[in-house]
Amino acid sequence: MNTLATPLLEVRDLVKHFPIRQGLLGKVVGRVHAVDGISLSVGNSETLGLVGESGCGKSTAGRAISRLVEPTSGSVRLNGQRIDNISEDAMREVRRSLQVIFQDPYSSLDPRMSAGDIVSEPLRNYGLAKGSELRDCVADLFKRVGLRHEQMARNPHEFSGGQRQRIGIARALALRPKLIICDEPVSALDVSVQAQVINLLIAWP
Ligand SMILES: Nc1ncnc2c1ncn2[C@@H]1O[C@H](COP(=O)(O)OP(=O)(O)O)[C@@H](O)[C@H]1O
Ligand SMILES: [Mg+2]
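Below, the structure written as structure tokens:
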């Protein structure tokens with residue numbers, strides 16, 4: 643196999659059905675066909691957009707690709723490696739190179755943590771940096787996304803929606819992922835802030 647031609651992401655016939663349950667016993671009475679056999683591929687440095695009406699399965703596709711929900715069937719390969727059927731332990735390694743940015747910048751940030759801790763958590767979890775190196779790294783990420791480093795001590799509720807989305811982006815970028823799945827990353831933001839956030843993502847790294 644020519645590895646140069648291996649796409650960064652390759653999705654084949656991905657299916658995600660949700661059971662519809664009813665009654666006290668939760669009997670399955672039907673299935674929501676949220677994603678019904680999609681195939682796509684994304685190369686290095688490429689951007690791919692999924693477009694469609696509300697409820698057509700865009701978010702579920704992103705969640706199934708990143709294993710936030712278990713796919714019903716189909717295959718997902720990252721750099722040629724199957725990630726749809728590997729263990730949670732193996733998936734943990736994969737998450738270093740596959741990060742997700744959500745639409746709602748508030749519910750995806752832990753309200754009890756400071757912004758600095760939120761951004762540094764992935765680096766600490768993977769043991770990639772500590773001490774002054776970690777602080778410098780987080781300060782650099784804050785700068786890149788247009789936040790001031792004295793804001794590191796603040797909690798998510800002290801930030802505006804746009805700033806919170808920047809925290810989410812800084813956190814997603816911290817591990818220098820190869821693939822970022824964005825689920826409507828700017829639709830909750832003011833139009834003026836939308837452009838800034840998109841520019842930030844385009845300019846990365
Ligand atoms: N956890 C879930 N349980 C049951 N049905 C779900 C779940 N998540 C999404 N769905 C359903 O799957 C379909 C696709 O939803 P979604 O992927 O959120 O669409 P989109 O992001 O394109 O608006 C919808 O009908 C939605 O109600
Ligand atoms: Mg959606």
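Okay, so the sequence shown: first residue is 643 according to the numbering used here, each after it adds one.
No residue lacks a Cβ here, since even glycine has one placed at the ideal position from N, Cα and C.
> Which full runs of the alpha helix (DSSP H) of 4+ residues lie inside the region 767-839, going along the chain?
Replying inline: Listed in chain order, the complete alpha helix (DSSP H) runs (minimum 4 residues) inside the region 767-839 are 773-786, 803-815.
> Leu720 and Leu650 look like a contact to me (Cβ under 8 Å); what is the Cβ gap, rounded to whole Å?
Replying inline: As a working mapping, residue 720 is identified with position 78 in the sequence shown. As a working mapping, residue 650 is identified with position 8 in the sequence shown. Leu720 to Leu650, Cβ: 7 Å. Contact.
> Val661 bridges to which residues according to DSSP?
Replying inline: Stepping through the sequence shown from its first residue, residue 661 is reached at position 19. The sequence shown places Pro at residue 661, rather than the Val named in the question. Pro661 is bridged by DSSP to Arg673.
> Where does Thr689 land, buried or exposed, given buried means 16+ other C-beta within 10 angstroms?
Replying inline: Start at 1 with the first residue of the sequence shown, and residue 689 comes out as number 47. Looking at its Cβ environment, which holds fewer than 16 other Cβ atoms inside 10 Å, Thr689 is exposed.
>> Using a Cβ-Cβ cutoff of less than 7 Å, which residues in the same chain neighbour Met794 once the five nearest sequence positions on both sides are dropped?
In response: Your numbering for residue 794 matches position 152 in the sequence shown. Contacts found: Ser756, Ala757, Gly758, Val780, Phe784.
> Three-state secondary structure (DSSP) at Ser708?
Replying inline: By 1-based counting over the sequence shown, the position of residue 708 is 66. Ser708 falls in the coil class under three-state DSSP.
>> Under 8 Å: do the region 704-715 and the region 651-663 share three or more Cβ pairs, one atom per stretch?
In response: The count of Cβ pairs closer than 8 Å, one atom from the region 704-715 and one from the region 651-663, reaches three, so the stretches are in contact.
>> For ligand 1, is there any heavy atom lying closer than 7 Å to the beta carbon of Gly669?
In response: Numbered from 1 along the sequence shown, position 27 holds the residue referred to as residue 669. Note that residue 669 corresponds to Lys in the displayed sequence, not to Gly. Not so, every heavy atom of ligand 1 lies at least 7 Å from the Cβ.
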